[in-house]
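So the structure is just underneath, and the comments pick up after that.
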Amino acid sequence: MSLGKRQLHELLFYMILTRKLEESLARLHRDERLSSPLGLRSGLEAVSVGAAFVPTPKDVLASSLPTTGALLLRGVKPAEIVLEFLGKGAEPSAGRSGIRHFGDLGRGIVATTGHAATHVSVMAGMAFSAQVQRQDRVALALVSDEAVATGDFHEGVNFAAVRKAPLVVVVVRFPSAGRTGPLAGSEVSQLYERARGYGLTSLPVDGSDLLQVVQVVETAMDRAKTGEGPTLIEAPLRSSTRYFGNDDAVPAPFGEAARLDPTRSENETDVDANPIWRFERFLLQQDWLSEAERTALSARADEAVSDALRAADAAPSPSALALEDRLFHRAS
Amino acid sequence: MTDVIMPQMGESIAEGTVTKWHKKVGDRVERDEPLFEISTDKVDTEIPSPVSGILSEIRVGEGQTVPVNTVVGVIGDKVTKVTGTPPAVPRQAPSPSPAAPPAAAPPTERGPRSSPLVRKMAREHAIDLLKLSGSGQGGRITKQDVLKQLESQRAPAVSTPSKAPVKAPAAVAAAPPQGRIEIAPMSGIRKSIAEHMVLSRRTSAHVTTVFEADVSRIVQARESLRRRFEKEDGVKLTYTPFFIRAVTSALKSFPALNASIEGDRILYRKDYNIGVAVALEGGLIVPVVHHADEKSFLGLARAVSDLAERARGKKLKPEEVQGGTFTVTNPGPYGSLFGTPIINQPQVAILGVGGIHKRPVVVNDAIAVRSMVYLALSFDHRLVDGALADQFMADVKRRLEGWDEKIL
Amino acid sequence: MTEVTYLEAIRQAMWEEMERDPRVILLGEDVGLYGGAFKVTAGFLEKFGKDRIIDTPISEEGYTGVAIGAAFNGLRPIVEFQFIDFIANAFNMITNFAAKSRYRWGAGVPIVMRGPSGGGVRAGPFHSQNPEMHFVHTPGIKVVAPATVSDARGLMKAAIRDEDPVLYLEHKKLYRHVKASSADLESQEDVVPIGKAIVRRVGEDIAVVTYSAMLYVALEAAEILAKEGIELEVIDLRSLVPLDKELILESVRRVNKVMILHEDTRTGGMAGEIAAIVAEEAFDDLDGPIVRVTAPDTPVPYAAALEDAFIPRAEDVVRAARRLAAY
């Protein structure tokens, strides 16, 4: 895929917007306007934006990770995301779904249930049904490395492998410090071995590098479309911190303020670990981005976020009268 | 002394009925020996004695239903008037309890057992469930019983002008009441009385005739008998048995007042079942002394006293409020001279007995102070003419005034 | 004129629907090459091809998920559980993904989940269960259980055409034992509406509410009781969700005594649910307690003597009816 300057700026914009939007959600939580634990993560921006950038509107995506960026790329407006978190959503969720379970078939997003990998076989089904209906369509499932242990993951991947269905599975590996789980601390080769067990290829990628993610997802999707079957992508992140809310202070490197902090470290490793900084550095070095342009993108993101918050504030809560609606299809 | 209690036979069981005592008061009973039998919603069973001893008291008799844990009897350890060792009573094997049906327990103090459906039908058709006998389990009134009753009621009363449904008439007053109002729902018994009273008035052509009677002799007689009856027989003697006795004898001479009307037929009742109205909180109930003419005076007194007590304690059996042929009522101790009572359908007459007061009257051209009472007879003019009613009352008066110990 | 068995009727219904609507596909273990463990889908692979008849690996949760994904993508999948007992492996997918999908994000799941349920064939605890209540209890799933040949056909068609997840419970004992003439079938309506019960026998003494194989037990008991002057009204629910509450209540209001009969175990069974509805909404029309005749609260035993005692029989219904009639 060749990307022009405009597209590169858009990619950066979405990463920045993701960050700022999630920070605003974190602030809402801190101000006690949201009650459930947020379960957001910093460091996901490259996977979130990169994996969602490649698919076309025809393709379908499902993620059990807090990939806000992916939603934005699929056409979900920031206000819709805030409304979902506030429990005030308009259709189709209308406040019923819970946070981070956004779905809209019209925009090619399948809502997950919050289980780590239940959606993998559903996406295998989307892929398989696209195949038999000769649709030019790929299904993508994003999961965490811990999900690989589930039966759901196995059954879904196995089915897609047997049918050579056009499925792409992105397995995000989070840094192992302080984590438990079967694959915590596992090496890249483990997923590779598992993939071979299904007769599949596993492609590794640095999950903190946007352009690498875009490239690998593109490769995987091409393989899917040419009938070569599913691909597993293993995307370790250099750094990622979780934010649940509660008493956590909004952590770095969440904080955009950290980016502007003149005393921050220019340590390359730190920059490598932060997908936004890393991409910015690349663009700046290539002269494909100026400081002024960067500032403008940031300002645009700020505006989008405050518009979203305003719209969300104005929206009404769902009516209790509608509680029992839409359990079943109603012929109109 | 050990209390014998009504056991709880299952988690959800709240009461049980004593169906049979295996021992009488004074009998010796051994520990674990079957002492009494009970019937509950889930199972009928024998209950063994908790200790050895003498059954010194039975508090809950056969046929009575009490809540779980009620003391039904007491076992003491004194041996009364027995020489030598008490006879060894062989241990009986418990009889196998039959497969428990969805048991309808015998009627409890709540009245005849029925079901929601039956109660609904009774409400809708203004049927007095107390008047029906149940053909269901344990005397339960079933849907069929009600349907039969409805059919027999459908035979229209000849002179009843309207064929309106048998319900309390809709409020005639169109305008709702003004002013401050407190609303309270009608109790079941109240509704029942309301419906019955209206129905009765519309069914019978009510006429009331009033007599007064000198009951000084009865007052004396009661005074002298009262203590004896209480001490020796444990019977509270009121004035009611006296009136019942007089009425019963008079009815034998005037059978038309012990009858009922069915369509265009007259049913002369050969039984003399005298109903005695008893005031309850919030209503009244009319237990019936069956075959009052066959009882001794003591028996009559005993029946009246027992019925009244159980009426107030809500322990009447359904048959005890059914089958009356004539009713005696008393307006109460509040000073009313007499009332004009409403006939208890399907009877044709009711005697209201006023309060007994000492009054100055003329006796043999002299003033004497006598115990006097007003007697108001309401009768159904469809069957009983005024002259006949008065003759009956004259007879009743005569019997009351000429009360003689020999009558006992 | 030929005889059509209950199994045949299911087969026919699926075949006709697959001919009628190219979006209908079928997934399950051994459904294609083998023609199905009970031969329900014999001939389907040859006729409809491997893109529509899918032999799945042993992965109930997985292939139910695949069906859901396919449903999102415009197909109308029928999912077979070789024995309905294995639906347990797909519990998460069905109750968390399929059942809640329309409610929470507007995406309908038009799948049919079917399989042989029920006992009486000496198949033991894991091949004889009646799992309906796990799904009756999960809002968002419709549940049907046909008892007759024409309902097997009509409800299958209705299920396939339904826009929501439908659990279709076939009773394995009825497969070859219940038959109808093809002429009779042809005279019936094609599609039987989901959510409507039917009165199979009119009576005035006791209403027996039942479904699936127990319909025949109820009818047998009705014959016996008729000789004693007790007339049973027999209601075949056909659907458990949605439940035809109105028909049940209408019957109770007329007949005033009701018994509920099912092969499923007692606690948490449909009888308790129906008893509660009747007590709440027709209390004043009851002339006797609501009675349940069900299997006891145990797994389905294998030995003949045990299984015969486990599954309700006509004599159980007769005994209970006699007591209720006499109440």
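Chains as they are written, first to last, in this note's numbering: chain V, 2 to 333; chain Y, 786 to 1193; chain S, 12 to 338. Every residue gets a Cβ at the ideal spot worked out from N, C-alpha and C, and that includes glycine.
Contacts around residue i, its chain only, beta-carbon distance under 7 Å, and the 5 residues preceding and following it disregarded
i        : result
Asp273/V : Ser209, Arg239 and Arg279
Among the options, the one whose alpha carbon lies nearest that of residue i
i         : options                                       : result
Ala5/S    : Pro312/S, Leu248/S and Phe294/S               : No information on residue 5/S is available, as it lies outside the stretch 12 to 338 that chain S covers here.
Ala225/V  : Pro237/V, Thr202/V, Leu211/V and Leu212/V     : Thr202/V
Leu917/Y  : Glu815/Y, Val1106/Y, Asp812/Y and Asn1043/Y   : Val1106/Y
Thr850/Y  : His981/Y, Thr802/Y and Lys809/Y               : Thr802/Y
Leu226/S  : Glu244/S, Ala194/S, Phe146/S and Ala110/S     : Glu244/S
Lys1055/Y : Ala1064/Y, Glu1047/Y, Pro1040/Y and Glu909/Y  : Pro1040/Y
Glu181/S  : Asp255/S, Gly214/S, Gly165/S and Lys256/S     : Gly165/S
Arg1144/Y : Phe1027/Y, Arg1087/Y, Ile1135/Y and Val1158/Y : Val1158/Y
Lys1182/Y : Ala1035/Y, Gly919/Y and Arg1013/Y             : Ala1035/Y
Asp308/S  : Glu318/S, Arg115/S and Phe92/S                : Glu318/S
Where the alpha helix (DSSP H) containing residue i begins and where it ends
i        : result
Ile241/S : Here Ile241/S belongs to no alpha helix (DSSP H), and DSSP marks it neither H nor E.
Met144/S : Glu143 to Val147
Arg212/S : Run containing Arg212/S: none in the alpha helix (DSSP H); it sits in the beta strand (DSSP E), Ile209 to Arg212.
Met29/S  : Tyr17 to Arg31
Arg164/V : Gly152 to Arg164
Gly131/S : Unbroken run through Gly131/S: none, as it is neither H nor E.
Pairwise C-alpha distance: residue j and residue i
i         : j         : result
Ala332/V  : Thr149/S  : 22 Å
Met124/S  : Glu72/S   : 12 Å
Leu1022/Y : Leu1083/Y : 9 Å
Leu41/V   : Arg282/V  : 25 Å
Lys184/S  : Thr276/S  : 17 Å
Ala799/Y  : Ala232/S  : 34 Å
Asp817/Y  : Pro852/Y  : 22 Å
Ile82/V   : Asn159/V  : 33 Å
Val170/V  : Ala148/V  : 11 Å
Phe102/S  : Pro38/V   : 27 Å
Leu233/V  : Asp303/V  : 35 Å
Glu294/V  : Ala128/V  : 40 Å
Leu298/V  : Met16/V   : 10 Å
Thr220/V  : Asp201/S  : 50 Å
Arg987/Y  : Ile926/Y  : 27 Å
Gly1171/Y : Val995/Y  : 11 Å
Thr1025/Y : Ala1086/Y : 8 Å
Sequence-distant residues of its chain with Cβ nearer than 6 Å to residue i (five each side left out)
i         : result
Asn854/Y  : Ile790
Arg22/S   : Val51
Val931/Y  : Val903 and Met906
Leu1069/Y : Ala1062
Ala949/Y  : With a pLDDT of 38 at Ala949/Y, under the threshold of 50, the modelled position of that residue is not reliable, and no figure is offered here.
Gly80/S   : none
His10/V   : none
Assigned secondary structure, residue i (DSSP; H/G/I helix, E/B strand, else coil)
i         : result
His182/S  : strand
Trp1188/Y : coil
Tyr114/S  : helix
Ala47/V   : helix
Leu1101/Y : coil
Pro67/V   : coil
Gly869/Y  : Low per-residue confidence applies at Gly869/Y: pLDDT is 37, beneath 50, and the placement is therefore not dependable, though the value from the model is reported in the following sentence. If DSSP states are grouped into helix, strand and coil, Gly869/Y belongs with coil.
Arg987/Y  : helix
Bounding residues of the beta strand (DSSP E) (the contiguous stretch that carries residue i)
i         : result
His30/V   : Run containing His30/V: none in the beta strand (DSSP E); it sits in the alpha helix (DSSP H), Lys6 to Arg31.
Phe1164/Y : Ala1151 to Asp1165
Phe996/Y  : His991 to Asp999
Ser203/V  : Thr202 to Pro205
Pro253/S  : No beta strand (DSSP E) contains Pro253/S, which DSSP labels as neither H nor E.
Glu831/Y  : Asp829 to Pro833
Ile171/S  : Unbroken run through Ile171/S is the alpha helix (DSSP H), Val160 to Arg172; no beta strand (DSSP E).
Ile1029/Y : Careful: Ile1029/Y lies outside any beta strand (DSSP E), inside the alpha helix (DSSP H) at Thr1025 to Ser1038.
Glu326/S  : Where Glu326/S is concerned, there is no enclosing beta strand (DSSP E), although the alpha helix (DSSP H) it sits in stretches over Ala325 to Ala337.
Ile65/S   : Ile64 to Asp66
Own chain, CB closer than 8 Å to residue i, minus 5 neighbours either side, in chain order
i        : result
Pro835/Y : Thr787, Val789, Arg816 and Ile860
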